[in-house]
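Using the numbering used here, read the sequence shown as starting at 100 and increasing by one per residue. Heads up, the beta-carbon is just placed ideally off N, CA and C, and yes, glycines get one too. Here the structure is a predicted model, which means the values were calculated and not measured.
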Amino acid sequence: MSEQKQAEQHVVIVGAGMAGVQTAVALRERGFTGPVTLIGAEPHQPYDRPPLSKAVLLGKAEGSAFEIDFEELGVELRLGLDVTGLRADDHEIDTEAGPVGYDVLVVATGAQPITLPGTEGVPGVHLLRTLDDAVRLGPVLERRHSVVVVGAGWIGAEFATAAREAGCAVTVVEAADRPLAGALPAEVTTPMAEWYGENGAELLTRARVRTVEPGTPGTVVLDDGRELPADAVVVGIGAVPATGWLTGSGIALDPGGAVTADERLRTSLPDVYAVGDCASFPSARYGRRLLVHHWDNALQGPRTVAATITGGGAGGDADSGPYDPVPYFWSEQFGRFVQYAGHHADADELIRRGDPAEKTWSVLWLRAGVPVALLAVGRPRDLAQGRRLIESATAVDPVRAADPSVPLKAAVA
Ligand SMILES: Cc1cc2nc3c(=O)[nH]c(=O)nc-3n(C[C@H](O)[C@H](O)[C@H](O)COP(=O)(O)OP(=O)(O)OC[C@H]3O[C@@H](n4cnc5c(N)ncnc54)[C@H](O)[C@@H]3O)c2cc1C
100 MSEQKQAEQH VVIVGAGMAG VQTAVALRER GFTGPVTLIG AEPHQPYDRP PLSKAVLLGK
160 AEGSAFEIDF EELGVELRLG LDVTGLRADD HEIDTEAGPV GYDVLVVATG AQPITLPGTE
220 GVPGVHLLRT LDDAVRLGPV LERRHSVVVV GAGWIGAEFA TAAREAGCAV TVVEAADRPL
280 AGALPAEVTT PMAEWYGENG AELLTRARVR TVEPGTPGTV VLDDGRELPA DAVVVGIGAV
340 PATGWLTGSG IALDPGGAVT ADERLRTSLP DVYAVGDCAS FPSARYGRRL LVHHWDNALQ
400 GPRTVAATIT GGGAGGDADS GPYDPVPYFW SEQFGRFVQY AGHHADADEL IRRGDPAEKT
460 WSVLWLRAGV PVALLAVGRP RDLAQGRRLI ESATAVDPVR AADPSVPLKA AVA
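Right, dumping it as structure tokens:
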């Protein structure tokens, strides 16, 4: 885009989370000089979410606001403002404070947690997505309340970890037969079930919540009739793209509500992009569309969006090509640092590095001898080296790769 053209373009970003903020930052880093407006529904200064289930929850950090001076960056910040609709023909969005025109629109509205049916508004039932949620949960930990966590996924495990650290009695109720059933295969997650008991949390698998009865304490009633007393209930059963406001706009969404962006994160509507937890993108690397609900995706995707807005994706640097990352995330749970890179769905071989009963181990997934994904527990070097092998699609020797004393980079075939 020419400098003249850029100066005329008004970029409006909806959603002031990681992806929205990073889009604004990346635009300025690329020398974009036009007006940028960042609109967010939450009233708080934009902040980072991962600390919410860790340091913020435990009162070790007051908040996790991004250290960014938006005024200095020349970004108009409009907080506490809900965007309610998009009228692409008019190049306008609707907000509670009236319409806002755009030349280029970036949808970065993230995801919203799934609620447990029948428990919305029940006192003592919590979600953990926002700073307000974490602040509400602070006293639960401080007072060492007894807690029932619904869902043994990433958020459930991290909350259970923090609650145990604070001295709460913790019971985790999981409908599947093991933790993280939706994210990882049984051979990997079965050993993780032990982590709960080791840390004094009770994990009930194949257990479904029928209802939550309010009270002091309240009662979580399971399908099989068991009753669990709980001062607080924390629901962590997943999240869905926060795209309800796009209904009727004509933008293409998949059945799960994710905006189906293309390889440069453009949507089906002209001049509208989508990035972060709210959007899926086609991955040539994995031969399928990916919807990634992790921090690194909300950091990297905006660079592609900014490159395309400013340069038309004409090439010339890494961010100007198609968006096709090796997805990455981490989790801190039960005294362990868990990291995952890649996508294992089409793998045909699983290689273990170390014994999962030990504190540190990793697992490498291969397809036709080439690493496609890696899970590392307390082995960050495996993660770093494995991620590079996945990125470069470098085949490994399975025998050497299975020896945890051999660095992965030395296991190249
Ligand atoms: C408690 C917690 C812990 C996490 N820990 C980790 C971790 O350890 N590792 C990891 O890799 N990932 C972690 N994640 C995931 C990571 O934080 C997310 O992937 C990331 O925040 C996604 O960024 P985003 O900007 O796409 O969405 P969000 O962070 O959800 O931001 C979207 C913003 O848009 C706003 N918005 C939504 N709808 C509208 C609207 N209609 N109008 C205006 N504004 C709107 C929302 O209020 C929100 O502030 C964690 C997430 C949570 C909730």
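Reference residue i; option with closest CA among the options
i, options, result
"A306", "R325, Q432, A383, P222", "R325"
"I450", "D496, A160, Q484", "D496"
"L176", "E161, V224, R127, V113", "V113"
"E264", "E161, A154, V469", "A154"
"R388", "D322, A417, L398, L352", "L352"
"E141", "V271, P222, T409, T229", "T229"
"G197", "T183, G209, D189", "T183"
"P506", "E490, I167, K458, R452", "R452"
"G299", "E312, A259, A280", "A259"
"A160", "G337, D168, P150", "P150"
"V129", "A280, A417, G386, G162", "First, the amino acid is wrong: residue 129 is Arg here, not Val. With distances taken between Cα atoms, R129 lies closest to A417."
"D168", "G223, E312, Q144", "Q144"
"W429", "P421, Y385, G420, L482", "L482"
"V498", "V476, E490, L463", "L463"
"G355", "R363, E219, V476, L390", "L390"
"S491", "K458, A444, D423", "D423"
"F433", "L302, E312, T409, G133", "L302"
"A444", "I138, L283, G139", "L283"
"T310", "E448, T194, A280, P216", "P216"
"W344", "F131, T194, L178, R148", "T194"
Close-in-space but distant-in-sequence residues of the same chain around residue i (CB under 6 Å, 5 per side omitted)
i, result
"E273", "A251, T304"
"L172", "R127"
"T366", "I350, V358, A360, A373"
"E191", "P198, G200"
"P503", "R452, G453"
"D323", "none"
"T270", "V247, E301, L327"
"Q438", "W429, A475, L482"
"L488", "P470"
Inter-residue CB distance, residue i and residue j (contact presumed, cutoff 8 Å)
i, j, result
"V471", "T493", "Their Cβ separation, rounded to whole angstroms, is 11 Å, which puts V471 and T493 out of contact at 8 Å."
"A516", "L465", "What the structure shows of the chain is the stretch from 100 to 512, and residue 516 is not part of that stretch, so it cannot be assessed."
"A210", "D376", "4 Å"
"T359", "S379", "6 Å"
"A341", "A118", "Not quite, the Cβ-Cβ distance comes to about 11 Å (not below 8 Å), so this is no contact."
"V203", "D370", "5 Å"
"P212", "A383", "In fact, because the Cβ distance is near 31 Å, the residues do not count as touching under 8 Å."
"R435", "W294", "7 Å"
"V224", "V174", "Going by Cβ atoms, the distance from V224 to V174 rounds to 36 Å, so no, they are not a contact pair."
"L240", "A262", "6 Å"
"G139", "L178", "5 Å"
Contacting residues, own chain, Cβ-Cβ under 7 Å from residue i (five flanking each side not counted)
i, result
"T122", "I112, V205, A207, V374, P401, V404, A405"
"R277", "A285, T288, T289, A292, T304"
"G349", "A187, L368"
"I254", "S152, L227, G335"
"Y146", "G162, S163, A164, F165, L230"
"R243", "A265, G266, C267"
"S461", "R452, G453, L473, L474, A475, V476, R478, D481"
Three-way DSSP call (helix, strand, coil) for residue i in this model
i, result
"S152", "helix"
"Q108", "coil"
"F258", "helix"
"L215", "coil"
"Y439", "strand"
"S419", "helix"
"L389", "strand"
"L473", "strand"
"I350", "coil"
"D231", "helix"
"L185", "strand"
"V113", "strand"
"D361", "coil"
"V221", "coil"
"G317", "strand"
"V287", "helix"
"D496", "coil"
"G410", "helix"
"Q144", "coil"
"P238", "helix"
"D330", "coil"
"E457", "coil"
Close-in-space but distant-in-sequence residues of the same chain around residue i (CB under 8 Å, 5 per side omitted)
i, result
"R486", "V425, Y427, A440, G441, L473"
"E297", "F433"
"E431", "K153, E257, T260, V437"
Residue i CB to nearest heavy atom of ligand 3 below 6 Å
i, result
"L226", "Among the ligands modelled here, namely ligand 1, ligand 3 does not occur."
Neighbour flag for residue i against chain C, beta carbons, 7 Å
i, result
"E241", "The displayed structure is made up of one protein chain only, and chain C is not part of it."
Legend entry - Touch test, the region 312 to 326 against the region 234 to 242, Cβ-Cβ under 8 Å, three pairs minimum: Short answer: they don't touch.
Inset, instruction - Count the CB pairs spanning the region 329 to 339 and the region 239 to 259 that are closer than 8 Å, and state whether there are at least three. - result: Counting Cβ pairs under 8 Å, three or more are found: they touch.
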